[in-house]
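Asker:
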Amino acid sequence: MERNSAFFSCLLPAVHPADLFPGRPPSRPRSTQLLWRQLKEHGLPARAARNTAMIANVTHLDAVVVSDLFGVAPKTEHKWAQYASTSWATYLAAQDKSR
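Heads up: the sequence shown at position 37 corresponds to 39 in the numbering used here, and the numbers run straight through without jumps.
1) Considering only heavy atoms of the ligand PLP, does any lie closer than 7 Å to the CB of residue 57?
2) Could you tell me how far apart the beta carbons of residue 23 and residue 30 are, in whole angstroms, since I believe they sit closer than 8 Å?
3) What do you reckon, are the CB atoms on residue 95 and residue 57 nearer than 8 Å?
4) Using only the alpha-carbon positions, how far apart do residue 76 and residue 27 sit?
5) I need the DSSP call for residue 47, collapsed to helix, strand or coil.
6) Do you know how far the Cα of residue 97 is from the Cα of residue 51?
7) By DSSP, does residue 76 sit in helix, in strand, or in coil?
8) Work out the CA separation of residue 25 and residue 81 for me, nearest whole Å.
9) By a C-beta neighbour count over all protein chains shown, 10 Å radius and 16 as the cutoff for buried, is residue 100 buried or exposed?
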């Protein structure tokens, strides 16, 4: 009996966790560009959410760790760490320069 169940189990597809955002084909994840465009079409502020997530991570983790996790250059991550500092002066100065 065990031999038969082992035989049939190899014929069944392996169970893999489903992607949160399946693409085409469904076995592949959705591309970031497509997801970004779909969020924009529905009026969801993807950039604001990304920026908030980066600042939240930098406040709890070292900038080098966040740089490795998200594949961002260490210099860029250092700037994010400066934006996330407890002083609002740096943030406000950066906002003035961007306008």
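From the three backbone atoms N, C-alpha and C, an ideal C-beta is built for every residue, glycine too.
This one's a predicted model, so the numbers in the text were calculated from it and none came from an experiment.
Answerer: Walking through what the data contain:
1) Among the components of this structure there are no ligands whatsoever, and the ligand PLP is therefore not found.
2) Their Cβ separation, rounded to whole angstroms, is 10 Å, which puts residue 23 and residue 30 out of contact at 8 Å.
3) no
4) 35 Å
5) Looking at residue 47 - three-state DSSP - the assignment turns out to be coil, as it is neither helix nor strand.
6) 17 Å
7) helix
8) 33 Å
9) exposed
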